[in-house]
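Read the structure below first, then the notes.
4 protein chains.
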Amino acid sequence: MDYAPELEIAQWLNTDMPITLQGLRGKVVVVHAFQMLCPGCVAHGLPQAAAVHAMFDARDVAVLGLHSVFEHHAVMTPQALEAFVHEYRHPFPIGIDRPDASGPLPRTMQAYGLRGTPSLLLIDRRGRLRLNHFGRIDDMRVGALVAQLVAEPGAVARAGMASGEATPAAGDVHARGAACDANGCVVSG
Amino acid sequence: MDYAPELEIAQWLNTDMPITLQGLRGKVVVVHAFQMLCPGCVAHGLPQAAAVHAMFDARDVAVLGLHSVFEHHAVMTPQALEAFVHEYRHPFPIGIDRPDASGPLPRTMQAYGLRGTPSLLLIDRRGRLRLNHFGRIDDMRVGALVAQLVAEPGAVARAGMASGEATPAAGDVHARGAACDANGCVVSG
Amino acid sequence: MDYAPELEIAQWLNTDMPITLQGLRGKVVVVHAFQMLCPGCVAHGLPQAAAVHAMFDARDVAVLGLHSVFEHHAVMTPQALEAFVHEYRHPFPIGIDRPDASGPLPRTMQAYGLRGTPSLLLIDRRGRLRLNHFGRIDDMRVGALVAQLVAEPGAVARAGMASGEATPAAGDVHARGAACDANGCVVSG
Amino acid sequence: MDYAPELEIAQWLNTDMPITLQGLRGKVVVVHAFQMLCPGCVAHGLPQAAAVHAMFDARDVAVLGLHSVFEHHAVMTPQALEAFVHEYRHPFPIGIDRPDASGPLPRTMQAYGLRGTPSLLLIDRRGRLRLNHFGRIDDMRVGALVAQLVAEPGAVARAGMASGEATPAAGDVHARGAACDANGCVVSG
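Residue numbers (numbering that gives the first Met the number 0), protein chains in the order written: chain A, 0 to 188; chain B, 0 to 188; chain C, 0 to 188; chain D, 0 to 188.
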């Protein structure tokens, strides 16, 4: 299985530092490819990405938006995207897919062979592309797919944790990944 | 960590054979405890259980309903439950929690210390209780929690599969558990 | 146009006094016919009836539930309905359609020729049946249909108001019927 | 009660002819004021306006969008709006509120004293402003408010219909305004 192609990003929003897949190695990476004027992205894809961002532990899962403009280039500009992100308060880093002088499809979109937007990409801890889904996908399935990848070996060593350790030491089901909220979600030990 | 108490069931619906947790050892067991006159169960819990039933591979995940009547006993009878299940077309086995002559709480409800309905119980492949959640819980989280347990070791041996094997041999993310639907959605490497 | 047949009710819930269409003459009457084990009634019809009850002025619109049991008679008993209404907190009067010894259909259901549940009946201020709709119907349409009937002549005289007056004296659009909530819904004069 | 101020529109979309309130006299006019980057407008207000457009008879009700840009002027341009309307397929005429050189608020927004977007304006058959609502408003209420105005006198004469006639001649509840769909739904008397 090949490594996922590196993202080609012209500009980042919501982050002070450029982000690379290489730099996220050891984490599961969830990439939501969208266009700000794509109704399905606005209504379902972006809120779903925000829910993944809120639910999973940032030490295990990185959520990225990818603005892959392939139509209406004149109006879906970086400045317009900034206003969009400001109004919708999307909380995760968003990269602008680098335009390609030779045609309407931006470069990352080409590299991944995206069929359109919304598209969901899942990249495992080892950097391999494991899902490339075009269109709507329900929340339960996304939760399951991400958690499955979180549970695989390949995590980068953390303090007090052996590299590659894949199962939680304690018995609770939310030791990693899908932690429950403050209201409970009780677990016996 | 203790084993989950065995279910105490007076009568089963939607199954020809009585079901026991012991007999499901090796699978993840999802138990949705409900009452047919509980609004949150009808609107959210039971449809969610049906979605888990539809999404996960039955070789990995067993979904059960548990009718734990602790109020309105005179009207939430087995006959009434049968009509309810018929009208709502719930697709998974449903056990009637055995009444206890000494009080309003049925026996399985007591054994698990359920706070009410809806309650979601998650039992891992080894038979241990890993989640006991009272109240509403969102679909993404349920998908993630179930998938996390599916990914743990403990599966019973199947033809062509070594006992305890926990990670898929092939590269696609839905090798086990959360398979995508007929529309596709997977890229293997 | 004929008058709507009088309701034949075996027992009332949520009201101390029996209710008749005759007694409601002068008001628009909204009757939601349901069965407590009918999924579409529980999920859509009854909440919609509660919304009508909350939105329109009780001096103009009376909302009634009608429990028209035509299947599963043995379990959809008055006692079961009481438990159901208690748990779901339906706020409007509910009449139990009188069973008919000669067959499964209760009497009001027969008189109105209901095709099943949910059914929505709209009766105008003069007592005439104006809508008999089987199945789901969206909220905007229900709001419009009820408001249209509210605006027709036929109101019973109230203190300070001439009998039959059909248009509000003041200029605001919510003078009758669909009053806005406390948060505003501003109107210029 | 004063007449509603005339709309000041820089450019129209989805119509070949400029539209004026004056020209719509005799109809109820529903104006949804929005910005294309306003989340509440995109998720609720514009779909609601489309539902009003689909449900009511065009001879009684005119639905208009009003793009009242008061922030992010540089990116919510006419060209951007055209792309937005193309992607979302909004079916009704949309006017661009005329910018004012003296400040960020466009002129129609000033004339009506709009507090922001989304705002819903309802203008009666005689041209008077009857509702100026800021924020979300539920579908049932909108249906009721529009139907109430439809039922008022003031319609322009149509062939075979006396000017000012306000009540339907026939008995069915959808004689005007909220006609039911092809599936039926009406009982005449």
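All residues carry an ideal CB built from backbone N, CA and C; glycine is no exception.
**Message:** By alpha-carbon positions, which one of D:Leu104, D:Ala154, D:Pro77 and D:Val145 ends up nearest to Gln47 of chain D?
**Reply:** D:Val145
**Item:** Limits of the unbroken alpha helix (DSSP H) element including Leu63 of chain C
**Value:** Careful: Leu63 of chain C lies outside any alpha helix (DSSP H), inside the beta strand (DSSP E) at Val60 to His66.
**Item:** Meets three-Cβ-pair contact criterion under 8 Å: the stretch 124-135 of chain B and the stretch 130-148 of chain A
**Value:** no
**Prompt:** Using CA coordinates, which residue listed in D:Ile8, D:Met16 and D:Ile122 is at the minimum distance from Asp99 of chain D?
**Reply:** D:Ile8
**Asked** According to DSSP, what are the bridge partners of Ser118 of chain B?
**Response** B:Ala32 and B:Phe133
**Message:** For chain D, check one thing: does any of its Cβ atoms lie closer than 8 Å to the Cβ of Thr76 of chain A?
**Reply:** yes
**Item:** Cut-off 6 Å between Cβ atoms - residues of its own chain near Val155 of chain B, not counting five sequence neighbours on either side
**Value:** Gly25
**Asked** Using the beta-carbon of each residue, which ones in chain D are nearer than 7 Å to Val145 of chain C?
**Response** Ala143
**Asked** Distance, Cα to Cα, Ala3 of chain A vs Ile122 of chain A?
**Response** 7 Å
**Message:** Once DSSP output is grouped into helix, strand and coil, what is the label at Ala9 of chain B?
**Reply:** strand
**Item:** Span of the alpha helix (DSSP H), counted from its first residue to its last, around Gly142 of chain C
**Value:** Asp138 to Val149
**Request:** Output yes or no for whether 8 Å exceeds the beta carbon distance between Pro117 of chain B and Val68 of chain B.
**Result:** no
**Request:** Figure out for me which residue from D:Leu148, D:Ala150, D:Glu151 and D:Leu119 has the closest Cα to the Cα of Ala49 of chain D.
**Result:** D:Leu119
**Prompt:** Looking only at its own chain, which residues have a Cβ that is under 6 Å from the Cβ of Val62 of chain C, when we skip the five neighbours before and after it?
**Reply:** Val29, Ala48, Val51, His52 and Phe91
**Message:** Taking beta-carbon pairs under 8 Å, can you tell me which members of the stretch 34-58 of chain C lie near chain B?
**Reply:** Leu36, Cys37, Pro38, Val41 and Ala42
**Request:** Could you spell out where the beta strand (DSSP E) holding Asp96 of chain D opens and where it closes?
**Result:** Ile93 to Asp96
**Asked** To the nearest angstrom, how far is it from the Cα of His71 of chain D to the Cα of Val27 of chain D?
**Response** 32 Å
**Request:** Under 9 Å between beta-carbons, which chain A residues line up against Ala79 of chain B? List them in chain order, please.
**Result:** Within 9 Å Cβ-Cβ: nothing; Ala79 of chain B doesn't reach chain A, min ~29 Å.
**Item:** Host alpha helix (DSSP H) of Glu86 of chain D (start-end)
**Value:** Pro77 to Tyr87
**Request:** Indicate whether Ala150 of chain D and Val74 of chain A have their beta-carbon atoms separated by less than 8 Å.
**Result:** no
**Item:** Nearest-angstrom Cβ-Cβ length linking Val60 of chain C and Val41 of chain B, presumed shorter than 8 Å
**Value:** 28 Å between Cβ atoms; not a contact.
**Prompt:** With a Cβ-Cβ cutoff of 8 Å, do Thr107 of chain C and Leu80 of chain C count as a contact?
**Reply:** no
**Item:** DSSP three-state assignment for Arg127 of chain C, whether helix, strand or coil
**Value:** strand
**Asked** Does the separation of the CB atoms of Glu86 of chain A and Pro38 of chain D fall below 8 Å?
**Response** yes
**Message:** Looking at chain A, is there any beta carbon in it that lies within less than 8 Å of the beta carbon of His71 of chain D?
**Reply:** yes
**Asked** Sorted by chain position, which residues of the same chain lie with C-beta nearer than 7 Å to Leu23 of chain B's C-beta, five sequence neighbours on each side aside?
**Response** Ala61
**Asked** Residues of chain B with CB under 7 Å from Asp2 of chain C, in chain order?
**Response** Checking the sequence, you will find Tyr at residue 2 of chain C rather than Asp. Those within 7 Å of Tyr2 of chain C in chain B number zero; the least Cβ separation is about 34 Å.
**Request:** Check each candidate in C:Leu12, C:Val141 and C:Gly153 and name the one with the smallest Cα separation from Phe55 of chain D.
**Result:** C:Val141
**Prompt:** Going along chain B in order, which residues have a C-beta closer than 7 Å to the C-beta of Arg135 of chain A?
**Reply:** Under the 7 Å cutoff, chain B gives no residues; its nearest Cβ is about 10 Å from Arg135 of chain A.
**Beta-carbon contacts of Arg125 of chain A that lie in its chain and below 6 Å, excluding the five residues immediately before and after** = Gly153
**Closest residue to Asp15 of chain B among B:Arg114, B:Ile93 and B:Ile136 (Cα-Cα distance)** = B:Ile93
**Request:** Under 8 Å by Cβ, that's how I've got Met139 of chain A and Met35 of chain B pegged, so tell me the actual separation to the nearest angstrom.
**Result:** Contact flag wrong, Cβ pair sits at about 23 Å.
**Message:** Would Ala32 of chain A and Leu113 of chain A qualify as a contact pair, given that the criterion is a beta-carbon distance under 8 Å?
**Reply:** yes
**Request:** Would you kindly work out how many angstroms separate the C-alpha atoms of His173 of chain A and Leu20 of chain B, rounded to a whole number?
**Result:** At His173 of chain A, the pLDDT of 48 sits below 50, so the modelled position is not reliable; the number obtained from the coordinates is stated separately. Each residue's alpha carbon lies about 22 Å from the other.
**chain B contact residues for Phe91 of chain C, given Cβ-Cβ distances below 9 Å** = Going along chain B, no residue has its Cβ under 9 Å from Phe91 of chain C, so there is no contact; the nearest lies around 17 Å.
**Asked** Which partner residues of Tyr2 of chain C appear in the DSSP bridge assignment?
**Response** C:Arg127
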